[in-house]
Every structure is written in structure tokens, then in C-alpha cells.
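J.: Quick one: the structure is below, and I'll ask about it shortly.
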Amino acid sequence: MTSISLHGREFKLSPLTLGDLRKLEPALLGAEHSVAHGFASMLALVPVIHASLSKLHPELALEELEQMLDLNSFAEVLDRVLHVSGLKRAGNTAGEKQPAAE
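Anchor point for the sequence shown: position 75 equals 76 in the numbering used here, and the numbering is continuous, going up by one each time.
Structure, rendered in C-alpha cells:
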């Protein structure tokens, strides 16, 4: 199982289900626009990360996760969530470096 470390705490990622994807579809469809639309689009994707983490870590509040993520960790954590769920962001092509599982 893939895990991440945020602020010295270890978290295990859980794959997103089809039900999760249905609920998160608006945010996921906007993922390819995150660079063009800046921070607002990034913030819209935090619930995607939270959905994966909160399955095994229900004590983690969305607001707490927002405080733990920074610009350096956000993209890597999102990529790992998408990868563990069998998805990838637009623009990731074959041969590109994928995030390493821990």
C-alpha cells in the first residue's frame, strides 16, 4: 500500500472508488486546468486527496490536510492518490517519471 509523509506523520493512501470518483468528478475534471487557474483549482483538488486519506485516517479533517500540504508536496501527493486509484493526470505520458511508492 502506498504511503506518504506529511509534517512527520505517516498516512496510507486508499484507492478512490467509483462512488468517490462520481462525487469528486467536478474537481477531477478541472485538474488539467490547475496551472491555468492557479490556487483556486489546487484548492478544489484537496478533497480528492482527503477522500483517499480519510478512509484509513478518519480523524484527519479537510482543514488539517490543507494546513499540511504545501506547494512542494501538493502535486506529488495528488499524483500518488491518482496512481493508487488507477488514474493519472492529463499530461503524464508513457515514459515520464511516476511518483515512487513507499
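Backbone N, C-alpha and C fix where the C-beta goes; we use that ideal spot for every residue, glycine too.
Which residue wins for smallest C-alpha separation from residue 89, given the options 68, 51, 29, 63?
T.: Residue 89 has its Cα closest to that of 29, out of 68, 51, 29, 63.
J.: Cutting at 6 Å between CB atoms, please list the residues of its own chain near residue 7, excluding the five before and the five after it.
T.: Around residue 7: 69.
J.: Here's the rule: buried if 16 or more other CB atoms are within 10 angstroms of the residue's CB, otherwise exposed. What is residue 10?
T.: Classification for residue 10: exposed.
J.: Please classify residue 1 as buried or exposed, where buried requires at least 16 other C-beta atoms within 10 Å of its C-beta.
T.: Outside the modelled stretch of the chain, which goes from 2 to 103, sits residue 1, for which no answer is possible.
J.: Residue 88 by DSSP, collapsed to three states: which one?
T.: If DSSP states are grouped into helix, strand and coil, residue 88 belongs with coil.
J.: Taking the beta carbon of residue 83 as the centre, do at least 16 other beta carbons fall within 10 Å, making it buried, or is it exposed?
T.: Classification of residue 83: buried, given that the 10 Å Cβ count is 16 or more.
J.: What are the partner residues of residue 24, as DSSP defines its beta bridges?
T.: Bridge partners of residue 24: none, in fact.
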